[in-house]
Amino acid sequence: MAEEERNASAEKLKEKANNYFKDKDYENAIKYYTDALELNPSNAIYYSNRSLAYLRTECYGYALGDATRALELDKNYIKGYYRRATSNMALGKFKAALKDYETVVRVRPSDKDAKMKYQECNKIVKQKAFERAIASDELKRSVVDSLDIENMTIEDDYDGPKLEDGKVTLKFMKDLMAWFKDQKKLHRKCAYQMLVQVKEVLSKRPSLVEITLIETEKITICGDTHGQYYDLLNIFELNGLPSITNPYLFNGDFVDRGSFSVEVILTLFGFKLLYPEHFHLLRGNHETDNMNQMYGFEGEVKAKYTAQMFQLFSEVFQWLPLAQCINNKVLVMHGGLFSEDGVTLDDIRKIDRNRQPPDSGPMCDLLWSDPQPQDGRSISKRGVSCQFGPDVTERFLEQNKLQYIVRSHEVKAEGYEDTHSGKCITVFSAPNYWYGNLSLSLSVHHEIFPKTPLSCKRTDKTHKKFPVFG
Ligand SMILES: [Mn+2]
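Just so we're aligned, residue 1130 is where the sequence shown starts under our numbering, counting upward by one.
Here you go:
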């Protein structure tokens, strides 16, 4: 094909992509921008448009890459600076974003929108610097020390659930769930009592929790719940209430996005207090300050309670364990495997987790990485951690004498997905998130047969059998 002809075809594909974009079908928009770029890889606009589509699907890593490429092709392309700044903002890289807004303002001094974005970003950069200065001043001082929970009074007109002798009981949990279902607020005294107690319980857990199920026991593993309270109630409806004989593991991302994050997390913390050895919680990438600021949980806690209570939530989140190993066979974590080979279970045990996650390294990977179909590793679509292939999973499992991993962190149409030849299972449990599809929790069931010591089955309404992994 002659160059002119190719460019004309590329333009047509771009138009098609633009139309999909207008209809908010970002997956197809990305597909056709990609096709256009194959025909004409030197067009900055195609990269910039695809960058915006990636931003909409929260693939901030890819969005940043495309914006950067657009600017390499045309350093005067103003939209490119906007896109790169937006990507960096989403990734929490405010200083880098500020530099791009500066450029836009310099080139277009009369552009009001650019000026506003520059000022907004500048304010965040200054605020972050201020927060850092304060943080080093009051190093590790807990909110708990400044609370006087005993002397908080419960007003006479409050007729909601209360802890019994300061303790969570099964009756309290049942009352609490009914109360939340009616969209009522738990008294702040009770919320504080639960938070202080759960911080104590979680801080005594190792970073890698190891449990052994006996022959007849099973455990239900649930993926992201993201503030979807009614979906959480549905999970309990389908699989039964948590109990000593009905253990659960909730695999991170309890909060943000949905409007009932407070209700979800307090219910989960309540069951953790009631059954500390049989109700398990792991940290997700959303149990962090940066995410809570951007995706709603911080605002929700401030609206329903106070900024101080958010601080306490943040302290509790820092103590959530990072991974759980079942019967020395199955490893569960929110994100996935590592940016480098050779990480052992012992390395996970040694992670000092009481902190906000770093930008790289094993703690970051456990919370952020994703599997990919092709071998090897590639850069992350999210712009944090990496993507790992089936060979990476295989080597990790072999070195650590494990059978498979269970992770969450990605929306799956069926609620779960089985990849890497059954060695990497994704479970997602917030069905009303994004596409409104029905998603299910996964139950890992311990079988009696010595040769197939662990198997998985889906526990949905139709009770379909999930394939057995040997
Ligand atoms: Mn996640």
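Virtual Cβ for every residue (Gly too), placed ideally from N, Cα, C.
Does residue i come out as helix, strand or coil in the three-state DSSP assignment?
i	result
M1302	helix
V1513	coil
K1590	Low confidence applies here, because K1590 scores a pLDDT of 35, under 50, leaving its location unreliable and the question unanswered by this model.
I1477	helix
L1583	With a pLDDT of 48 at L1583, under the threshold of 50, the predicted position of this residue should be treated as unreliable, and no value is reported.
F1408	strand
S1216	helix
K1296	strand
I1174	helix
A1432	helix
N1457	coil
Y1287	coil
F1122	Absent from the structure is residue 1122, since the part of the chain shown begins at 1130 and ends at 1599.
I1577	Unreliable placement is indicated for I1577, whose pLDDT of 37 sits below 50; the coordinate value is still reported in the next sentence. Coil.
R1135	helix
A1542	coil
C1188	coil
A1390	Just to set this straight, residue 1390 is Ser in the shown sequence, not Ala. In this structure, S1390 counts as helix in the three-state DSSP scheme.
T1417	coil
I1278	coil
F1467	coil
L1342	coil
S1443	helix
V1384	coil
V1472	coil
P1486	coil
D1229	helix
V1559	Note that residue 1559 corresponds to Ala in the displayed sequence, not to Val. A1559: coil per DSSP, three-state reduction.
Y1321	helix
F1153	Residue identity differs from the one stated: residue 1153 is Lys in this sequence, not Phe. Coil, per DSSP.
Below 8 Å between beta carbons: does that hold for residue i and residue j?
i	j	result
S1558	G1352	yes
L1168	R1213	no
N1414	L1299	no
S1537	N1380	yes
I1534	L1460	yes
L1292	F1301	yes
V1281	L1395	In the sequence on display, residue 1281 carries Met and not Val. Not in contact: M1281 and L1395 (Cβ atoms no closer than 8 Å).
Q1453	L1411	yes
E1416	L1449	yes
I1257	F1309	Per the sequence presented here, residue 1257 reads as Lys, with Ile not at that position. Cβ atoms of K1257 and F1309: not closer than 8 Å.
L1142	A1165	yes
G1512	Q1501	no
C1188	K1510	yes
V1327	H1409	no
D1418	G1465	no
D1488	G1505	no
M1420	V1430	no
D1382	T1349	no
I1600	G1221	There is simply no residue 1600 to check, as the chain begins at 1130 and stops at 1599 in what is shown.
A1243	V1233	yes
I1263	Y1321	no
A1196	S1180	yes
N1456	T1341	yes
P1335	R1478	yes
Per DSSP, residue i is paired with what?
i	result
N1375	S1372
A1452	L1337 and M1462
Y1247	In the DSSP output, where bridge partners are listed per residue, Y1247 has none listed.
I1508	C1515
C1553	I1534 and T1548
D1499	Q1516
At a Cβ threshold of 8 Å, is residue i touching chain C?
i	result
K1541	Absent here is chain C; the protein component of the structure consists of one chain.
Practice task
Report yes or no: do the stretch 1298-1309 and the stretch 1419-1438 share at least 3 C-beta pairs separated by less than 8 Å?
Solution key: no
Exercise for the section: Could you say if the stretch 1381-1392 and the stretch 1352-1372 meet the contact criterion of at least three C-beta pairs nearer than 8 Å? Expected result: Yes, they touch.
Handout entry: Given 8 Å, three or more beta-carbon pairs between the stretch 1439-1455 and the stretch 1478-1490
Key = yes
Exercise for the section: Collect the residues with a C-beta less than 7 Å away from any heavy atom of ligand 1 and give them in sequence order along the chain. Expected result: D1353, G1381, D1382, G1413, N1414, H1415, H1463, G1464, S1537 and H1538
Exercise for the section: Kindly confirm or deny that the stretch 1521-1539 and the stretch 1199-1212 touch, where touching means at least three C-beta pairs closer than 8 Å. Expected result: Touching, no.
Problem - Given 8 Å, three or more beta-carbon pairs between the stretch 1399-1419 and the stretch 1223-1243 - result: Because the criterion of three Cβ pairs below 8 Å is not met, the stretch 1399-1419 and the stretch 1223-1243 do not touch.
Exercise for the section: Evaluate the contact criterion for the stretch 1159-1177 versus the stretch 1191-1208: three or more CB pairs, one atom per stretch, below 8 Å. Expected result: yes
Practice task
Determine contact between the stretch 1538-1554 and the stretch 1467-1482, defined as no fewer than three beta-carbon pairs at a distance below 8 Å.
Solution key: no
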